[in-house]
Amino acid sequence: MSEAPPEAESAPDTTGDRSAAASEAQRRAKVERLRAAGINPYPHSFEGRTKIEAVLAAHDPAELGEGEHEQFSYRVMGRVTGKRGHGKVVFLDVRDITGQVQAVARRDTLGEEVFERVEDLDIGDLVGIEGPVYVTRRGQLAIGVRECTLLAKALLDPPDLFHGISDPELRYRQRELDLMANADSREIFKKRAKLTAAIRQHMNERGWVELETPVLQRLTGGAAARPFVTHHNALDRDLFLRTATELYLKRAIVGGFEDVYEFGKFFRNEGMSPQHNPEFTMLEMFVGGADWNGVMEFVEVLVATVVEVVMGTTVVERDGQTIDFAAPWPRVIVRDEILRESGVDIYEASRGELAELAGEDAEENDDWAALVDTLQGKLVEPKLIQPTYITALPIDIWPLVKVHPDDPKVCEAFDGIVAGMEITGGGTDINDPVEQRERFIGQRERQESGAEEDPHPHDEEFVRALEYGMPPASGVGLGIDRLLMIMTGAKTLRDVIIYPAMRELKLPS
Numbered sequence: 001m002s003e004a005p006p007e008a009e010s011a012p013d014t015t016g017d018r019s020a021a022a023s024e025a026q027r028r029a030k031v032e033r034l035r036a037a038g039i040n041p042y043p044h045s046f047e048g049r050t051k052i053e054a055v056l057a058a059h060d061p062a063e064l065g066e067g068e069h070e071q072f073s074y075r076v077m078g079r080v081t082g083k084r085g086h087g088k089v090v091f092l093d094v095r096d097i098t099g100q101v102q103a104v105a106r107r108d109t110l111g112e113e114v115f116e117r118v119e120d121l122d123i124g125d126l127v128g129i130e131g132p133v134y135v136t137r138r139g140q141l142a143i144g145v146r147e148c149t150l151l152a153k154a155l156l157d158p159p160d161l162f163h164g165i166s167d168p169e170l171r172y173r174q175r176e177l178d179l180m181a182n183a184d185s186r187e188i189f190k191k192r193a194k195l196t197a198a199i200r201q202h203m204n205e206r207g208w209v210e211l212e213t214p215v216l217q218r219l220t221g222g223a224a225a226r227p228f229v230t231h232h233n234a235l236d237r238d239l240f241l242r243t244a245t246e247l248y249l250k251r252a253i254v255g256g257f258e259d260v261y262e263f264g265k266f267f268r269n270e271g272m273s274p275q276h277n278p279e280f281t282m283l284e285m286f287v288g289g290a291d292w293n294g295v296m297e298f299v300e301v302l303v304a305t306v307v308e309v310v311m312g313t314t315v316v317e318r319d320g321q322t323i324d325f326a327a328p329w330p331r332v333i334v335r336d337e338i339l340r341e342s343g344v345d346i347y348e349a350s351r352g353e354l355a356e357l358a359g360e361d362a363e364e365n366d367d368w369a370a371l372v373d374t375l376q377g378k379l380v381e382p383k384l385i386q387p388t389y390i391t392a393l394p395i396d397i398w399p400l401v402k403v404h405p406d407d408p409k410v411c412e413a414f415d416g417i418v419a420g421m422e423i424t425g426g427g428t429d430i431n432d433p434v435e436q437r438e439r440f441i442g443q444r445e446r447q448e449s450g451a452e453e454d455p456h457p458h459d460e461e462f463v464r465a466l467e468y469g470m471p472p473a474s475g476v477g478l479g480i481d482r483l484l485m486i487m488t489g490a491k492t493l494r495d496v497i498i499y500p501a502m503r504e505l506k507l508p509s
C-alpha cells in the first residue's frame with residue numbers, strides 16, 4: 001500500500017476570461033496534436049468498465065484505511081467535471097450517470113508523456129480511467145490513475161458544471177447541457193424511467209397484456225381533440241397522429257383480450273402551457289368486466305403503488321403542499337361541487353346564468369355540457385389538491401361512456417384530479433352498438449350547432465366491431481407527464497419531457 005498524494009480542494013476548475021471562440025480553437029488544436037501523435041481522440045470503445053456508484057459502494061474507506069489499495073482495481077468512464085494540478089499531481093473529477101469520483105494522476109507513476117496528456121485534458125472531455133482505489137487523507141474513496149484514455153474530446157466549453165444552468169430557455173432547447181450541468185434534471189428523468197418500469201411491472205404481474213396500436217390513424221378517435229394531419233404518399237390519403245388508443249384497444253377486447261393496456265405517445269394540435277404539450281405520454285387501459293367503480297379502484301391502487309416504488313413513499317411535497325397518493329381517493333359529484341363553490345345548481349340554472357358564471361371562459365355556442373365542463377375546470381379542479389375523483393360528468397362530453405342509470409344528463413365518467421390538475425379520466429364503456437352509433441350522431445349534431453369544435457368522429461368500423469359483442473369493460477387514461485410533474489415538484493411539463501416542444505427561436509438579423 002503506497003502513500004496517497006496530497007489532496008486538492010473540490011472547487012471547480014476556472015477557465016478564466018477566454019472567449020468561447022478562443023477556447024474552441026485551443027480545443028481543436030489539441031485534437032490535431034493528438035492525431036499527429038497517432039492517438040485517436042474518439043476511440044471506438046472502452047470495455048470492462050464499472051459504474052462509479054458501484055465502485056463507491058463496494059468499499060468502506062474506514063475499513064480500508066488511508067492510501068492506495070492495489071488489490072482493488074477498476075476501469076471507470078465519465079466526463080471530466082473538475083481539474084486541478086499541483087505540479088507533479090493532477091486531480092480529475094470524473095462523473096458518470098451514477099456518481100462522481102476523484103481520479104489522481106501522478107507524474108512519477110504515469111511517465112512524462114502520458115502525464116502531459118492528462119494535463120492537456122479540458123473540462124468536459126470524456127475519459128476512461130483505470131487504476132486502484134485509495135483512501136484520501138479526508139477519508140474519501142478515490143482512484144489512482146494507471147491508465148487514462150481520452151474517449152471523446154469536447155470541442156466546446158461545457159456549461160457551468162458546478163452551479164448548473166438557470167436559464168430555462170437554454171435548459172429546454174439544449175437539454176443535453178441541462179443534463180450535463182443539473183443533477184436535479186438528471187434525477188427527474190431517472191425517476192421517469194423508474195415510473196414507467198414500475199407501471200409495467202404492476203400491470204404485467206397481474207396478468208395484463210400490453211398491446212401496440214397504430215400511431216397513424218385513418219380517423220382520430222377516442223378523444224375530442226384537434227389532431228395533427230399528415231399524408232401517406234403511397235396510399236394517397238391523409239392520416240392523423242393519434243389523440244387516443246381507445247377504439248383500437250376496445251376492438252382487441254372484442255377479439256378476446258380482457259385486461260389490456262398501452263403506453264404511448266399521443267398528439268393534440270392545441271395550445272401549449274405549463275400543463276399542455278402537443279406531444280405527451282399516456283397510459284391507456286381497460287379493465288374487463290368492470291364498471292367505473294372497478295377502474296377507479298384499480299387506478300388509485302396503481303398510482304399509489306408506483307409512486308411509492310419511485311419515491312419511497314406515497315407522500316410528496318409540491319409548492320409547499322403535502323400530497324398523499326395513498327388509496328382510496330375521495331369521490332365527489334360535479335353538480336355538488338359547483339354548487340358548493342358558486343351557490344349555483346347547474347340543473348336549475350339557465351344557460352345564461354351558467355355562461356355568466358363561466359365568464360370569459362365561456363364560448364358563444366357552448367351548450368349545457370360544455371359550460372359545465374368549463375365550470376368544473378374553473379371552480380372545482382383548482383381546489384382539489386389531494387387525489388380526488390370528480391364523477392357523474394355531462395354525457396355529451398363523453399360519447400364513448402355509458403349513461404348514468406339514475407340521471408340521463410350525465411354518464412358514468414370521472415376525472416382524477418391531483419394538485420389542481422387532471423391526471424386521469426375514464427368511465428364505463430358503451431358496448432351496445434346501437435347506443436354507440438346514436439352517440440356518434442349526437443356528436444355531429446353538437447358540431448353543427450357550434451357547441452363542439454373538434455367532435456369525436458363517427459367510426460363505423462368500431463361500431464361494427466361492437467356488433468360482434470364486447471364484454472363489459474371500463475377504460476381510463478393516465479397522464480404520465482403530469483403525474484411525474486406532481487411527484488417531482490416540477491413547475492411545468494417542460495421540466496419532465498426531455499425535449500419539449502418550443503416556439504421557433506428568432507435569431508437577430
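The letter at position 394 of the sequence shown is residue 394 when you use the numbering used here, and the numbering goes up by one with no holes. All C-beta atoms in this analysis are idealised placements derived from N, C-alpha and C, irrespective of residue type, glycine included. All values reported here derive from a predicted model rather than from experimental measurement.
Check: How many Å lie between Arg494 and Glu297 at the Cα?; Outcome: 30 Å
Check: Would you mind stating whether Val76 and Arg49 have Cβ atoms separated by less than 7 Å?; Outcome: yes
Check: Just to check my reading of the structure: Leu478 and Val299 have Cβ atoms closer than 8 Å, yes? What is that Cβ distance to the nearest angstrom?; Outcome: 7 Å
Check: Tell me which same chain residues have a C-beta within less than 8 Å of the C-beta of Ala465, skipping the five on either side of it?; Outcome: Lys250, Arg251, Val254
Check: Check whether the region 318–337 and the region 231–243 are in contact - that is, three or more C-beta pairs closer than 8 Å.; Outcome: no
Check: Quick check on DSSP: helix, strand or coil for Lys383?; Outcome: helix
Check: Under a Cβ-count criterion, where at least 16 other Cβ atoms within 10 Å of its own Cβ denotes burial, should Ala152 be classed as buried or exposed?; Outcome: exposed
Check: Measuring CA to CA, which of Phe280, Gly264, Phe263 is closest to Gly271?; Outcome: Phe280
Check: Can you tell me the Cα-Cα spacing of Asp184 and Ala490, whole angstroms?; Outcome: 10 Å
Check: Can you tell me whether DSSP reads Ser2 as helix, strand or coil?; Outcome: Only weak support exists for where Ser2 lies, its pLDDT of 47 falling under 50; the value from the coordinates is given anyway. Coil, per DSSP.
Check: If I'm right that Lys378 touches Asp396 with Cβ under 8 Å, what's the distance once you round it to whole angstroms?; Outcome: Going by Cβ atoms, the distance from Lys378 to Asp396 rounds to 18 Å, so no, they are not a contact pair.
Check: Sort Trp398, Ile441, Arg107 by Cα distance to Asp415 and report the nearest one.; Outcome: Trp398
Check: Measuring CA to CA, which of Glu47, Pro274, Pro387, Phe267 is closest to Ala512?; Outcome: There is no way to answer for residue 512, as the model of the chain reaches only from 1 to 509.
Check: What first and last residue would you give for the alpha helix (DSSP H) that runs through Met180?; Outcome: 175–181
Check: Could you check if Ser2 is buried or exposed, using at least 16 other CB atoms within 10 Å of its CB as the buried criterion?; Outcome: At Ser2, the pLDDT of 47 sits below 50, so the modelled position is not reliable; the number obtained from the coordinates is stated separately. That one is exposed.
Check: Give every residue of the same chain whose Cβ lies closer than 8 Å to the Cβ of Glu119, excluding the five residues on either side of it in the sequence, and list them in chain order.; Outcome: Gly85, Val90
Check: Is the number of C-beta pairs between the region 172–183 and the region 132–148 that are closer than 8 Å three or more?; Outcome: no
Check: List the whole-angstrom C-beta distance separating Val401 from Gly427, where the pair is believed to meet the contact cut-off of C-beta under 8 Å.; Outcome: 4 Å
Check: Just how far apart, CA to CA, sit Val403 and Gly288?; Outcome: 18 Å
Check: Can the beta-carbon of Leu302 be found less than 7 Å from the beta-carbon of His202?; Outcome: yes
Check: Checking 7 Å against the spacing of the C-beta atoms, do Val516 and Leu357 come in under that value?; Outcome: Since the first residue shown for the chain is 1 and the last is 509, residue 516 is missing from the structure and cannot be characterised.
Check: Comparing alpha-carbon positions, which option in Glu348, Asp291, Gly124, Pro500 lies nearest Asp93?; Outcome: Gly124
Check: Out of Ile423, Lys194, Arg173, state which residue places its alpha-carbon closest to the alpha-carbon of Glu504.; Outcome: Arg173
Check: Measure the beta-carbon distance from Glu24 to Leu155 and round it to whole angstroms, keeping in mind my assumption that it falls under 8 Å.; Outcome: 6 Å
Check: Let me confirm a value: Asp338 is counted as buried when at least 16 other C-beta atoms fall within 10 Å, else exposed. Which label applies?; Outcome: In the sequence as presented, Asp is not what sits at residue 338; that position holds Ile. Flag for Ile338 reads buried.
Check: Would you call the CB atoms of Arg95 and Gly111 closer than 7 Å?; Outcome: no
Check: Excluding five sequence neighbours on each side, which residues of the same chain lie with their C-beta closer than 7 Å to the C-beta of Arg28?; Outcome: Leu155
Check: Give me the Cα-Cα distance between Asp558 and Glu460, rounded to the nearest whole angstrom.; Outcome: No answer is possible for residue 558: the residues shown for the chain start at 1 and end at 509.
Check: Shortest alpha-carbon distance to Phe72 belongs to which of Ile430, Ala225, His59?; Outcome: His59
Check: So what's Arg106 in DSSP terms, helix, strand or just coil?; Outcome: strand
Check: Find out if the Cβ-Cβ distance for the pair Ala419, Val309 is shorter than 7 Å.; Outcome: no
Check: Out of Met487, Arg117, Ala37, which one is the CA nearest neighbour of Thr305?; Outcome: Met487
Check: Tell me which residues share the same chain as Ser342 and place their Cβ nearer than 7 Å to its Cβ, disregarding the 5 neighbours each side in the sequence.; Outcome: Leu357, Leu379
Check: Just to confirm, is the Cβ distance from Asn182 to Ile497 under 7 Å?; Outcome: no
Check: With the cut-off set at 7 Å, would you say Val260 and Leu216 are in Cβ contact?; Outcome: no
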